[in-house]
Every structure is written in structure tokens, then in C-alpha cells.
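Numbers 1 to 152, taken from full-length UniProt numbering, label the letters of the first sequence in order.
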Amino acid sequence: MAYWLMKSEPDEFSIDDLAAAPKQSTPWFGVRNYMARNYMRDHMRVGDGVLFYHSSCEVPGVYGLAEVSSTPYPDDSQFDKKSPYYDPKAKREEPRWMLVDVKLVKKTRVLSLEEMRTLPQLAEMVTLKRGNRLSITPVSAAEWKFITKHLK
DNA sequence: GCCAACGTTGGC
DNA sequence: GCCAACGTTGGC
């Protein structure tokens, strides 16, 4: 069992969009970074814990808990010429971008980035490291435990 | 809107 | 394989 933080811009897809989705689940499409892709393709397992994070918004931070709800499969948007995520170099026979489904566990109170930065228990979080921009980052078991407890 | 930091691209 | 130029992310 592993844990992850996954960023989404709420203007694009928010925690409420996830709550309103069929089965409260969504394919995590649009990731176009190899390291983030590799986390989904090679390391995520069904049931892994996910911190659902809003970025590029008024109050960036964790807005809820989710979980990985599928094994990896090709991101369809890479083949869709009308999608902003279209990748002309991707082929059906050789997909370049893989994703997993993410399912809502529960909305929580907001754990803002500002608050996260004040918590010594979270000082080593990958996503808080200077210069980190990755949309998917690993979360340690200790960090996960602390955050889920802290949000109760 | 700014800009620091980083990833990717492509010429050599 | 290097690395400058460029594009993107994301907090502020």
C-alpha cells in the first residue's frame, strides 16, 4: 500500500466534480510528464491512498481523500485530435501516456498549502520541496497517517 | 500578471 | 551527449 498526492486545477476538475462523477470515479487523464506517468503506470496499485489537491487556485491545498481504483491503461486523450492533451507522437499500438482511475473516498476540510508549510510533520513532503512542480508525488506512510488524523 | 524553477526539445 | 532556448507549472 502506497500513498500519493495528485494535483488538479479546480477550474479543470475539482473535488466536487469527482463527487458528482459516475461512481465518484474518474480517469486521471492529461498527465504529460514522464515521472508522473511512471508513478501511475509502474507504481500505483488499486487501493492506494490519494490526497486530492487543488492547485492554481485561490486556496491551494488538500481538499479530500481518494483512492486508486483501477490498474493502469492508456489515456484516451492522447489519441484525440480535438483534445488539448493530444499527442501526435502517440500511437494506439504504442500508447505513450498511461493513467489510472481515481475514486473519491471523502471530502475533508481544506488543508491549505499555507497550513501544510507550518506543520513540522510535513516538512519533508515531496510536494512541498522547493521547486517541485510534479502533479503526482509520493506521500510517506507517516505523512499519510498524520494528515488523515489531522483532518479528522 | 510575474517569475522562479524545472522539464523538454533540438541543433550541433 | 551537451546545453541553450523555450515552454510549463504553480505560488504569489
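Note that the Cβ used here is the ideal one computed from N, Cα and C, for glycine as well.
Taking only three categories from DSSP, how would you classify Phe52? Against the first sequence, residue 52 aligns to sequence position 52. Strand at Phe52.
Measure from the alpha carbon of Phe79 to the alpha carbon of each residue in Asp101, Val31, Val68, Lys91, then state which is nearest. Counting from one through the first sequence, the residue named residue 79 turns up at place 79. Of all alpha-carbon atoms in Asp101, Val31, Val68, Lys91, the one lying nearest the alpha-carbon of Phe79 is that of Lys91.
Does the beta-carbon of Glu143 have 16 or more other beta-carbons within 10 angstroms, so that it is buried, or is it exposed? Position 143 of the first sequence, counting from 1, holds the residue named residue 143. Result: buried.
Run through the DSSP bridge pairs and tell me what Leu122 is partnered with. Looking up residue 122 in the first sequence gives position 122. DSSP output for Leu122 lists no bridge partner at all.
Within the chosen definition, does the region 92-99 reach the region 33-42 through at least 3 CB pairs nearer than 8 Å? In short, these stretches touch, since the Cβ pair count reaches three.
Measuring only the C-alpha atoms, how far is Lys89 from Lys129? As a working note, residue 89 is residue 89 in the first sequence. As a working note, residue 129 is residue 129 in the first sequence. The straight-line gap separating the alpha-carbon atoms of Lys89 and Lys129 is approximately 32 Å.
Nearest-angstrom beta carbon gap, Lys7 and Ser55 [assumed within contact, 8 Å]: Your numbering for residue 55 matches position 55 in the first sequence. Your numbering for residue 7 matches position 7 in the first sequence. Yes, they are in contact, since the Cβ atoms of Ser55 and Lys7 sit about 4 Å apart, within 8 Å.
Could you work out which residue in Thr71, Tyr34, Tyr53, Gly61 is closest to Arg45 when comparing CA atoms only? Counted from its first residue, the first sequence places residue 45 at position 45. Of the residues Thr71, Tyr34, Tyr53, Gly61, the one whose Cα lies closest to the Cα of Arg45 is Thr71.
Taking DSSP as the reference, what is the three-state secondary structure of Lys89? By one-based count along the first sequence, residue 89 stands at place 89. Of the three classes helix, strand and coil, the one that applies to Lys89 here is coil, per DSSP.
By DSSP, does Ser8 sit in helix, in strand, or in coil? Counting from one through the first sequence, the residue named residue 8 turns up at place 8. Here Ser8 sits in strand by DSSP.
Which full runs of the beta strand (DSSP E) of 3+ residues lie inside the region 9-73, going along the chain? For the region 9-73, whole beta strand (DSSP E) runs of length 3 or above, ordered along the chain, are 25-27, 49-54, 61-68.
Nearest-angstrom beta carbon gap, Trp4 and Asp48 [assumed within contact, 8 Å]: By one-based count along the first sequence, residue 48 stands at place 48. By one-based count along the first sequence, residue 4 stands at place 4. At roughly 6 Å, the Cβ-Cβ gap stays under 8 Å, so Asp48 and Trp4 are in contact.
Check for me: the alpha helix (DSSP H) holding Lys81 runs from which residue to which? Numbered from its first residue, the first sequence carries residue 81 at position 81. Secondary structure note for Lys81: it is in no alpha helix (DSSP H), with a DSSP letter that is neither H nor E.
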